[in-house]
Amino acid sequence: MRVLVIGSGAREHALVWKLAQSPRVTKIYAAPGNPGMAPYAERVALGVNQLHDLASFAENNAIDFTVVGPEAPLIEGIVDLFRRRGLNVFGPDKAGAALEGSKAFTKELLTQAGIPTAQHQTFNDYTKARAYLDQHGAPIVVKADGNAAGKGAIVALDMETAQEALKQMMVDRVFGSAGDIVVLEDYLEGDEIGATAICNGTSFLPLALSQDHKRALDNDKGLNTGGMGVFTPLPFVDAAASERIYNEVIAATLNAMQQTGVNFTGVLYSNIMLTASGPKVIEHNTRFGDPETQAFMLLLKEDILNVLEFASGRQVDPNALWHPGSAVSLTLASGGYPGGYRSGIPITGIEEANKLEGVQVFHAGTALKDDQLVTAGGRVLSVVARGNNLQEAVDRVYDAARYISFEGMHYRKDIAHRGLEAIKH
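As structure tokens, then:
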């Protein structure tokens with residue numbers, strides 16, 4: 001089978017790495033890919049938003065199966081385009097991707113279906129939004145309705161932050177048209193986790209629960225990022241609680257979508273707050289998480305192609321998916337990230353790290369300059385380790401990180417702290 005993977009980050013590198021292990025896959029292309037994918041995939045010089053060119057490439061190169069990594073092409077309708085041209089593609093259509101593409105649509109859907117989520121109000125007028133904010137007070141969450149590349153949700157613990165976030169979105173338009181409509185919602189307290197499932201209409205294959213570390217610095221301090229690391233599975237969520245999450249959130253959302261006439265296929269990856277009154281949806285994503293995917297791919301025992309094909313009707317045994325133990329991913333970031341940072345800095349030590357047992361390094365923001373691997377983004381590398389237990393996975397990931405170096409490199413030293421605490425008690 002000939003497979004095309006669309007995207008260039010660590011998530012896509014992890015998918016390519018895992019697809020290369022499938023006995024059913026004969027050739028992999030990556031568009032645009034990254035230097036780390038070179039051993040497994042042929043890179044194609046097409047950007048993720050060149051939808052028609054990507055479809056033509058798939059047609060002209062007899063691609064049997066396309067996997068879309070990032071959200072932007074899904075929201076733009078790449079799946080609809082591929083299907084119209086008779087091409088087999090993994091992911092939701094444009095109507096399904098609205099779950100990620102529009103915060104307002106999702107909030108409305110959740111509310112009408114009675115799926116637990118934070119109380120909220122939606123505004124397209126800055127004056128009215130500001131009046132509501134002043135009346136509501138902080139803490140509050142300010143969300144741009146549209147796709148803002150994962151940066152459109154500001155958790156404001158004080159009024160000054162909330163007012164500035166609202167002004168930046170609706171007046172200064174820092175996220176462009178994504179901030180034309182803004183959702184103001186109550187701040188939820190609890191543990192934030194991720195629930196991921198492969199979906200086919202109203203049936204779904206639950207993957208493991210995970211916990212991302214969004215803040216840039218240890219002890220959940222600093223600015224929000226695209227994700228500084230993740231661990232899976234979660235020792236502080238038992239089987240009964242996990243089943244409740246999948247039933248009350250994933251199953252309920254798929255049923256609600258079906259009632260609006262949308263047959264959702266692909267990945268539903270939900271950010272959920274475990275509050276004192278039960279699980280509540282923070283937001284839905286309609287593609288694999290990053291850095292969640294990197295950890296999943298190391299822990300996954302089943303052929304990834306079989307797992308992806310669940311979305312088109314293949315039967316998969318949910319009890320045979322995983323290796324025993326835990327997986328942890330750790331993001332190595334550029335100096336200054338998530339603020340301004342320099343690129344083009346030489347990277348060393350990846351080969352040495354990859355030689356360690358249970359370790360794999362995935363490229364996120366890298367490039368080749370005169371045959372030298374250099375930094376080319378805020379999140380540069382994703383170091384991932386699998387262990388027989390969480391402590392072993394954590395030890396391995398930090399051992400591996402010590403081999404890698406580039407000027408200004410920083411990473412969190414406390415990934416999986418919540419899981420390790422839970423095991424002790």
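Taking full-length UniProt numbering, the leading residue of the sequence shown gets 1, the next gets one more, and so forth. For every residue, glycine included, the Cβ atom is placed at its ideal position computed from N, Cα and C.
For residue i, three-class secondary structure by DSSP
{"i": "residue 426", "result": "The structure shown does not extend to residue 426, since the chain is modelled only from 1 through 425, so no value can be given for it."}
{"i": "glutamate 302", "result": "coil"}
{"i": "valine 267", "result": "strand"}
{"i": "isoleucine 250", "result": "helix"}
{"i": "glycine 176", "result": "helix"}
{"i": "histidine 13", "result": "helix"}
When the options are compared against residue i, the one with the closest alpha-carbon
{"i": "glycine 7", "options": "Val25, Thr66, Met1", "result": "Thr66"}
{"i": "serine 405", "options": "Asp371, Asp399, Ile350", "result": "Ile350"}
{"i": "alanine 38", "options": "Ala58, Gln21, His13, Gln50", "result": "His13"}
{"i": "tyrosine 246", "options": "Glu185, Thr225, Asn224, Asn271", "result": "Asn271"}
{"i": "alanine 320", "options": "Leu330, Pro206, Gly77", "result": "Pro206"}
{"i": "phenylalanine 123", "options": "Gly146, Pro324, Val79", "result": "Gly146"}
{"i": "glutamate 185", "options": "Phe231, Ala240, Val174, His120", "result": "His120"}
{"i": "leucine 356", "options": "Gly152, Gly227, Val397, Gly261", "result": "Val397"}
{"i": "histidine 136", "options": "His410, Thr225, Ala162", "result": "Ala162"}
Residue j beta carbon less than 7 Å from that of residue i
{"i": "leucine 268", "j": "alanine 197", "result": "yes"}
{"i": "alanine 333", "j": "glycine 266", "result": "no"}
{"i": "alanine 393", "j": "valine 328", "result": "yes"}
{"i": "alanine 30", "j": "alanine 45", "result": "no"}
{"i": "lysine 143", "j": "valine 183", "result": "yes"}
{"i": "tyrosine 341", "j": "glycine 313", "result": "no"}
{"i": "alanine 422", "j": "phenylalanine 236", "result": "yes"}
{"i": "proline 291", "j": "valine 230", "result": "yes"}
{"i": "glycine 344", "j": "valine 374", "result": "yes"}
{"i": "alanine 295", "j": "valine 359", "result": "no"}
{"i": "alanine 138", "j": "methionine 159", "result": "yes"}
{"i": "methionine 1", "j": "valine 25", "result": "yes"}
{"i": "alanine 72", "j": "valine 262", "result": "no"}
{"i": "alanine 367", "j": "valine 361", "result": "no"}
{"i": "histidine 323", "j": "leucine 299", "result": "yes"}
{"i": "threonine 286", "j": "proline 92", "result": "yes"}
{"i": "glutamate 210", "j": "glycine 194", "result": "The amino acid occupying residue 210 in the given sequence is serine; glutamate does not appear at that position. In this structure, glycine 194 lies closer than 7 Å to serine 210 by Cβ."}
Opposing strand residues paired with residue i [DSSP bridges]
{"i": "phenylalanine 204", "result": "Cys199"}
{"i": "glycine 387", "result": "Ser326"}
{"i": "glutamate 192", "result": "Met273"}
{"i": "proline 279", "result": "Leu274"}
{"i": "glutamine 315", "result": "Looking at the DSSP assignment, glutamine 315 forms no beta bridge with any residue, so it has no partner."}
{"i": "glutamine 211", "result": "Phe231"}
{"i": "lysine 221", "result": "Leu217"}
The ligand ATP heavy atom lying under 6 Å from the CB of residue i
{"i": "asparagine 219", "result": "Ligands displayed in this structure: none; no statement on the ligand ATP is therefore possible."}
> Taking the runs of the beta strand (DSSP E) that are 3 residues or longer, which of them lie wholly in the segment 101-170?
Replying inline: 120-123, 140-144, 153-156
| query | Which residue spans inside the segment 24-100 form an unbroken alpha helix (DSSP H) run of at least 4? | reply | 51-60, 71-76, 78-84
- [ ] Taking only runs that begin and end inside the segment 336-420, name each unbroken beta strand (DSSP E) of 3 or more residues, in chain order.
- [x] 359-363, 366-369, 372-375, 379-387
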